Amino acid sequence: MSAAAARDEAERERRALERTWAVPGGFLGWFKVSDHRTIGKRYIVTAFVFFILAGIQAALMRLQLAIPENTVLGPDRYNQLFTVHGMTMMFLFAVPVMEAMGIYLVPLMIGTRNIAFPRLNSYSYYVYLFGGIMLYAALFTNTGPDTGWFSYVPLAGPDFSPGKRVDMFAQLITFTEVAALAVAVELVVTIFKLRAPGMSLNRMPLFVWAMLATAFMVIFAMPAVVSSSTFLLLDRLVGTHFYNPAEGGDALLWQHLFWFFGHPEVYIIFVPALGIVSSIIVTFTQRPAFGYTALVLALIATGFVSFSLWVHHMFATGLPLLGLSFFTAASMIIAIPSGVQIFCWIAALWRGRPRFQTPLLFVVGFIVIFVLGGLSGVTLASVPLDLQVHDTYYVVAHFHYVLIGGAVFPLIGGIYYWFPKMTGRLLNEPLGRWNFWTLFVGFNITFFPMHIVGLQGMPRRVYTYPANMGWTTSNLISTFGALFLVAGGVMLIANVIRSARSGALAGDNPWGADTLEWSTSSPPPVYNFLELPVVEGRHALWERSADPPVVTGVRSDKREVLVTDVMDAEPVHLSDMPIPTIWPFISAVVTAGFFVTSIFTPWALVYWAVPIFVALTGWFWPKQGEEGDTLEDKQAIPAESAA
Amino acid sequence: MIIRSLTLLVLAVVAIGCSGLQAPLNPAGPSARSIAWLTWTFFTICGVVYAVTLSALIWAVMRRRRDEDDSPRTSRRLGTVVGAATAVTVMTLVVLTISSIVAGRGLTTPSGAGAVVIDAIGHQWWWEFNYQDVAPSDWVNSPNELHLPAGVPVVIRALSRDVIHSFWVPNLQGKRDLIPGILTYLWLQADQPGEYRGQCAEFCGPQHAHMAFRVVVQPVGEFQEWLRQQRQSAASPASAEAQHGQDVFMQSTCRTCHTIRGTEAGSRVGPELTHVGSRRSIAAEALPNDRTSLTTWIRNAQLVKPGSRMPPNPLSETDLKAVVAYIQGLR
Amino acid sequence: MIRALIVLLCVTLAASACDREKRPFAQPANTTVEKPDPYRDNAYGISEGKRLFTQYNCSGCHANGGGGIGPALMDDEWRYGYEAADVFATIAGGRPNGMPAFRDKVTEDQMWQLAAYVLSMSGQARLDVLPGRSDHLRSRTAENLTPATDRRQTGHK
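Those protein sequence lines, which keep their order, are chains S, R and G.
With the working numbering applied, the first sequence covers 1 to 643.
With the working numbering applied, the second sequence covers 644 to 974.
With the working numbering applied, the third sequence covers 975 to 1131.
1) Indicate the three-state DSSP secondary structure (helix, strand or coil) for S924 (chain R) in the structure shown.
2) Give the DSSP-derived three-state secondary structure of R1025 (chain G) in the structure shown.
3) Starting from the Cα of L65 (chain S), find the closest Cα among S:P578, S:I477, S:H263 and S:Y607 and give me that residue.
4) I'd like to know whether the C-beta atoms of A179 (chain S) and L232 (chain S) end up nearer to each other than 8 Å.
5) Check for me: the alpha helix (DSSP H) holding E788 (chain R) runs from which residue to which?
6) Look up G909 (chain R) in the DSSP assignment and give the residues it is bridged to.
7) Taking Cβ to Cβ, would you say A301 (chain S) is nearer than 8 Å to D1109 (chain G)?
8) G303 (chain S) and V271 (chain S) look like a contact to me (Cβ under 8 Å); what is the Cβ gap, rounded to whole Å?
9) Going along chain S in order, which residues have a C-beta closer than 7 Å to the C-beta of Y693 (chain R)?
10) Leaving aside the five residues before and after G291 (chain S) along the sequence, list all residues of the same chain whose C-beta is less than 6 Å from its C-beta, in chain order.
11) Can you tell me where the beta strand (DSSP E) holding P533 (chain S) begins and where it ends?
12) According to DSSP, is V966 (chain R) part of a helix, a strand, or is it coil?
13) My output table needs one value for I579 (chain S): the three-state DSSP class, helix, strand or coil.
14) Looking at the strands, I want to know which residues DSSP matches up with Q861 (chain R).
15) Can you tell me the Cα-Cα spacing of G913 (chain R) and L937 (chain R), whole angstroms?
16) Quick one: residues in its chain with C-beta nearer than 7 Å to the C-beta of P154 (chain S), no 5 flanking neighbours on either side, listed in chain order?
17) Compute the Euclidean distance between the alpha carbons of P523 (chain S) and K32 (chain S), then round it to the nearest angstrom.
18) Do you know offhand how far D547 (chain S)'s Cα is from P533 (chain S)'s?
19) Does any C-beta atom of chain R lie closer than 8 Å to the C-beta of L252 (chain S)?
20) Can you name, in chain order, every residue of its own chain whose Cβ lies under 8 Å from the Cβ of T1123 (chain G), other than the five neighbours on each side?
21) Only counting the same chain, and skipping five residues up and downstream in sequence, which positions put a Cβ closer than 6 Å to that of L439 (chain S)?
22) So what's E995 (chain G) in DSSP terms, helix, strand or just coil?
23) Taking just the CA atoms, how far does G1023 (chain G) sit from V266 (chain S)?
24) Can you pull out the residues from the region 1111-1129 of chain G whose beta carbon lies closer than 8 Å to at least one beta carbon of chain S?
25) What are the residues of the region 148-171 of chain S that lie near chain G, defined by any Cβ-Cβ distance shorter than 7 Å?
26) Exposed or buried, what is T899 (chain R) when buried is set at 16 or more other beta-carbons lying within 10 Å of its beta-carbon?
27) Can you have a look at F356 (chain S) and say buried or exposed, based on whether 16 or more other CB atoms are within 10 angstroms of its CB?
28) Between R62 (chain S) and chain R, is there a C-beta pair that is closer than 8 Å?
29) Consider the Cβ of P1070 (chain G): report whether some Cβ of chain S lies at a distance smaller than 8 Å.
30) Taking 8 Å as the cut-off, decide whether the C-beta atoms of R351 (chain S) and D712 (chain R) are in contact.
31) Contact defined as beta carbons within less than 8 Å: I believe G406 (chain S) pairs with A504 (chain S). What is the distance between those atoms, to the nearest angstrom?
32) Using only CA atoms, which one of G:Q1127, G:L983 and G:V985 lies nearest to R1060 (chain G)?
33) What is the rounded straight-line gap between the Cα of E99 (chain S) and the Cα of A666 (chain R)?
34) Please say whether W542 (chain S) and D514 (chain S) have beta carbons closer to each other than 8 Å?
35) Taking Cβ-Cβ distances below 8 Å as the criterion, which residues of the region 708-731 of chain R are in contact with chain S?
36) For chain G, find out if any of its Cβ atoms is closer than 8 Å to the Cβ of G950 (chain R); answer yes or no.
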């Protein structure tokens, strides 16, 4: 074929792909979208909106705690704020934003055109969004939950929490956990079955490994909290006695169920960040990952061991000491895989040629802050030590060090790293450095004194404190540091908004990175890759031959993807992806209606049964012609891929 | 420079940590001392680990790059270093785990016989301390103020009347949650006479922040004397104003919630007031026990602890003054 | 049009939630109550009434609504009227044949809370403000599962 004919062929192919994978436009089209990039970006933007709201709540709390016996906030308002701050950060920001990075990046990193179950992806976003709206509508109508993000019974039970505040808490869990579970299922299937040929498991990017481990953790952890919150709703609404000791229930049942989820939850937030860190270190040292196998095993080990830690939140409840000791040992053991990763990353920085641009700055900041948080975690693993600092500001310091240092810093580094890919423009680099230093300094000024004030006896979850306890200075310093954090947040938003419009154009691969998403344009076209890649090594773009092989035979006139096998990504068959429809949105509306109504009456099940049936039927109605499922369409691919 | 700042930091922590009447690092009893020792051990070891890790990171970031960095030999060496660091980590964690478990054993075994048994009952948002005795009529009820004999082991029976609270006197012992439907025991012992502060350490509602209590450690003889005094019925009003105060107390809202032993007032909704005049503070350490505070508290407790169970009381100013005079006389 | 609907929805939400979720902590004593039955739609007030009902030993005569020495409070028979103000008058001034007068023993605010709770014992309150099951041995159906019955006034005010 002559060069001109080949060019025409490629152009025809490109136009066909653009037509087939087009993102629906117009008002109704906005609700039908099911491509992973748009949904991923919506998730990220929504999560950051919640992050800002939770940050404002934190700023208000710090204002109240700046001086003793302050009157900025009364106890009722303060309790709602600290509860909703925790709920927003944990349920509406941290988990969704990490899953969103996975939704956007994983299909690109593994060389496919969309995430598995794209309509489920769309549904999950709307369910998440409606849950968040419900919570904030509640907060702004004085119905914000006020018993803490952990909401212990009997305080959160029907006798001691009148009204609907706690029901909003319990139902928010249902919303966000349905969304999280849906995304987890999509990620597992995508990672296992849609990888480009040649990307065997031991050639997967570390970020993809991290998202795989996270997705499995979500699948195993979420059911516990959905059970616990459902039991709570049942106790409050229909008079069951799950948590009523007088009738055979147990107040500790809540704690076990909640923390069985709650501890893996923080690792669900943390493990994707580890994937981001590995990605940034590989790119910014321009070297293959140091200790790839150890890093992968560490991710998996962290995922497993995180399920054996939960009772360390319950050391003060009077459980037998022998049993508690097992959890001490497990809480110590989990430091080992984390340690291995830190050592591998420091080794990678040692030997590579690091370019200290903003993403790498955030990674270095992560190491400094997270290791301190991890060590304070080791101190909390000890039962006697924990019995003194449990429920004090020492714990508040610890988890902000591990969550902000361990998850938010890598996340922001990841934003600076992948923003060019998502938008085609680079974020401003000098502003990025200011951003980093403001956040780094501000974070330590805010949270380090909390270790001290906790060791001086200041308990948590208090809306004020007496003047003569010696806690005033530390609190004032923490509040002062919070100003820096607010400034840092503003800088990030300003950088994003300005650069989206007028930042420097990025090109395909501004950082010289190794993973597949950098081989396509910035932002990627609607079909992700003009030619589906075949992977030849662990660092796909660095180990590519001069004329790299590509996949052929996947149709461009309908939404078709290549399914490969789990271990070695050998092609197995072709599969059809559904076209965008409105039914996921309708189903989400109906789901939200059901969840919200069930806060007020058990008849919700009856009222919403028919709409749910209609929505699901509409969704699953088989569509002939657009997605054929006949045997001829599922062709097996011959053993070698065409060059 | 780094070593100097780190040293300053450590000294600062030590200095600040060593003060305080509600501070774990200011131990006044064997359990707290054991935990404090464990805490310093952990902090030292973790501090060293942090310093080493940070140093490695700084070196990795700052070092001058060489060509042989990319050789397989360097990779192998780095691998050995990582392996060694991991091994050291594992050994350190084993040491920390064992020392933690050993220290934990010491917390549950009392260090002597003849323990005093005290019920610590959590209410929203005050403490009821019940001293048991062989004869029920000799039981002593001391709200918000816990008297302990020095040098004698004490068993706290942790109970709750409503939601989960947590009994915590950091100078003496780790905390124990008071969980409705569950009875647990906590041992503590104070070495020397002194006064400390305890606070509820489990979020229990709007006034969790104001649910503290005073711990008064006395020599054994003084402690027995205190018990004997507490067993007595309330003192009679000493002045005409106090007498009027008692009449107001019995005829108005006060009696609906509070017991004063030796009078008709026998309700157990709120704290017992038989010897309230002798306590160091009122309202669970929210206010000192003086005339102004009592007046404010009785007139409208909601201004001090909004959400607490004590309602504003419809008393005239003269009646209020009389009641305060009566209350202050209840030593 | 859609925007107007959304605004209407928000306002309704806000209006209904505001009353239900208010925590009127710092009510000064001795104020004449401007609005009779201030806790009708307030979940916190009814919950406080429930707590006071047990703590002030109303259950000593009235059990948990089934009555005993005193008449049942969860049935449809209301001797002295079924408005909150009537119940308030009963608690404050007492009634013949054994109901003591609590006027000076219990604050007015607490009497309104008790009155609101008494009405809720027969399900006579909005579904979203009714209390749920209590954390004790089950001695009655939870108030929010009690269907509101018709009420008969059978006596003199």
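Think of the CB as a built atom: it goes at the ideal place given N, C-alpha and C, for glycine as much as any other residue.
As the structure is a computational prediction, the values presented were derived from the model and not from experiment.
In terms of the structure at hand:
1) When DSSP states are grouped into helix, strand and coil, S924 (chain R) belongs to the strand group.
2) helix
3) S:I477
4) no
5) No alpha helix (DSSP H) holds E788 (chain R); the beta strand (DSSP E) holding it covers E788 to P792.
6) R:T902
7) Their beta carbons are not under 8 Å apart, which means A301 (chain S) does not touch D1109 (chain G) by this criterion.
8) Going by Cβ atoms, the distance from G303 (chain S) to V271 (chain S) rounds to 7 Å, so yes, they are a contact pair.
9) V371, L372 and L375
10) C344
11) Note, P533 (chain S): premise wrong, no beta strand (DSSP E); not H, not E.
12) helix
13) Three-state DSSP puts I579 (chain S) in coil, outside helix and strand.
14) Looking at the DSSP output, Q861 (chain R) shares a beta bridge with R:P792.
15) 15 Å
16) F160, Y243 and A251
17) 21 Å
18) 11 Å
19) yes
20) Within its own chain, the residues whose Cβ lies closer than 8 Å to the Cβ of T1123 (chain G), once the five positions on either side in sequence are excluded, are D1049, D1050, S1096 and G1097, listed in chain order.
21) These residues qualify, in order along the chain: G488.
22) helix
23) 40 Å
24) L1111, R1112, T1115, A1116, N1118 and L1119
25) P154, G157, P158, D159, P162, G163, K164 and R165
26) So T899 (chain R) counts as buried.
27) exposed
28) Contact with chain R is absent for R62 (chain S), since none of that chain's Cβ atoms lies less than 8 Å from the residue's Cβ.
29) no
30) Yes, these two residues count as a Cβ contact at 8 Å.
31) Contact between G406 (chain S) and A504 (chain S) does not hold, since the beta-carbon distance rounds to 30 Å and is not under 8 Å.
32) A quick correction: the sequence has Asp, not Arg, at residue 1060 (chain G). Looking at the Cα atoms, G:Q1127 is the closest of the given residues.
33) 41 Å
34) yes
35) Answer in chain order: R708, D712, D713, T717, S718, L721, G722, V724, V725, A728 and T729.
36) Closer than 8 Å to some Cβ of chain G, the Cβ of G950 (chain R) qualifies, so yes.
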